[in-house]
Each structure stands twice: as structure tokens, then as C-alpha cells.
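Numbering (our numbering), first residue to last: 13 to 184.
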């Protein structure tokens with residue numbers, strides 16, 4: 013499978029870049045990446061508990077192969093602000109008997125556990141191309157849906173962990 017570049021970043025919950033490291037990564041068995049960008053103790057001492065998240069991105073020839081965001085603290089301990097993403101819904105050209113859609117979500121703050129679901133509890137879960145993800149402040153993410161049923165934006169609900177935080181940052 014070859015070599016790729018592993019980019020490991022320490023980011024503030026506010027979206028600021030705090031640290032970054034790039035290294036070569038062998039794809040396949042035995043691939044090793046950096047274990048720690050900086051220690052948990054250093055993160056807490058310098059930036060405060062719950063203010064740092066880690067992002068690892070694997071790229072090969074400019075293409076993003078994978079990305080993972082890790083919260084070194086529990087969601088409840090993270091300094092998330094109460095917020096929800098902006099949401100745009102667009103119907104794409106139909107593909108035979110199915111309806112195709114694209115949702116574009118933009119994060120005003122770092123958002124954890126973003127999830128799109130039908131408002132009607134009788135509608136089964138929908139097969140989005142990605143769901144239950146994290147968005148760093150300022151990030152834009154597009155997800156697609158192929159569905160046998162027609163859906164309007166008003167029939168969907170976008171939820172995230174941050175929506176359950178009060179104005180002071182505590183859980184409700």
C-alpha cells in the first residue's frame with residue numbers, strides 16, 4: 013500500500029492551532045505513527061483541562077485518506093460552548109427510483125457528536141455518507157444521502173452534544 017503522511021495536530025476547542033507534527037507513515041501492517049504530540053499534563057498545564065483536542069489526518073498524494081479527532085477528556089469535561097451547526101439541504105438529480113441529497117454543515121464553534129436524523133421518530137435512521145462526527149470551529153462538512161423517500165430540510169433535525177450545554181459550559 014505504500015507510504016503516506018500522518019499529520020497530528022493539537023487544536024484548541026476554539027479552533028486555534030497549538031501544535032503540529034508531520035511524519036511518514038507506512039500504510040498496512042506494522043504502521044507506526046507518533047504516540048503523543050504532547051503529554052496530557054502539558055496540555056492541562058498550558059491550556060487548561062478540556063481546552064485541547066487532537067486531530068490525526070492521513071494523506072497520500074494530497075488526498076485525505078482518513079481523519080480522526082480525539083478528545084483527551086470526557087465530553088462533559090471539555091470546554092465546549094453551547095452551539096449548533098448551520099445546515100443547508102440540497103436535492104441532487106434523482107438516480108432512478110431514489111432521491112439524492114447533500115447536507116452542508118458549518119461549525120460556529122467546535123461541535124462534538126453532530127448527528128442528522130428525521131424529526132419523525134417513525135422514520136427509520138437514514139444512511140448518510142457520514143453521521144455522528146466532530147467539526148472543528150470554522151469547518152464545513154458535506155454529507156450525502158440516497159433515500160427511497162423524498163425529504164425536505166424541515167423534516168430533519170441536526171443535533172450535537174454542544175446543544176446540551178448551558179451558556180456557562182456546563183451540561184444540562
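Ideal Cβ positions, reconstructed from N, Cα and C, are used throughout, including at glycine. No experiment lies behind these values; they were computed from the predicted model shown.
{"Query": "Can you list, in chain order, the residues of its chain with a C-beta nearer than 8 Å to that of residue 60? Leave out the 5 residues immediately preceding and following it.", "Result": "91"}
{"Query": "Below 6 Å CB to CB, which residues in the same chain sit around residue 32 once its five sequence neighbours on both sides are set aside?", "Result": "21"}
{"Query": "Need the endpoints of the beta strand (DSSP E) that residue 82 sits in, please.", "Result": "75–82"}
{"Query": "Alpha carbon to alpha carbon, what distance is there between residue 35 and residue 108?", "Result": "45 Å"}
{"Query": "Which of helix, strand or coil does DSSP assign to residue 166?", "Result": "helix"}
{"Query": "Measure the C-alpha to C-alpha separation of residue 27 and residue 165 and round it to an integer number of angstroms.", "Result": "28 Å"}
{"Query": "Given a threshold of 16 other Cβ atoms within 10 Å of its Cβ, counted over all protein chains shown, does residue 16 qualify as buried or as exposed?", "Result": "buried"}
{"Query": "Relative to the C-alpha of residue 176, which candidate in 30, 96 and 119 has its C-alpha closest?", "Result": "96"}
{"Query": "Using DSSP bridges, identify the partner residues of residue 67.", "Result": "21 and 81"}
{"Query": "Does the count of Cβ pairs from the stretch 111–121 and the stretch 76–89 closer than 8 Å reach three?", "Result": "no"}
{"Query": "In the structure shown, what three-state DSSP assignment does residue 89 receive?", "Result": "helix"}
{"Query": "Determine the burial state of residue 121: buried for a count of at least 16 other Cβ atoms within 10 Å of its Cβ, exposed for fewer.", "Result": "buried"}
{"Query": "Mapping DSSP to helix, strand and coil, what is residue 94?", "Result": "coil"}
{"Query": "Among 103, 135 and 174, which residue has its Cα nearest to the Cα of residue 158?", "Result": "103"}
{"Query": "Just checking my contact of residue 94 with residue 18 at CB under 8 Å: how many whole Å lie between their CB atoms?", "Result": "Not a contact, Cβ separation roughly 33 Å."}
{"Query": "By DSSP's criteria, residue 171 is part of a beta bridge. Which residues make up the other side?", "Result": "127"}
{"Query": "Leaving aside the five residues before and after residue 161 along the sequence, list all residues of the same chain whose C-beta is less than 8 Å from its C-beta, in chain order.", "Result": "111 and 135"}
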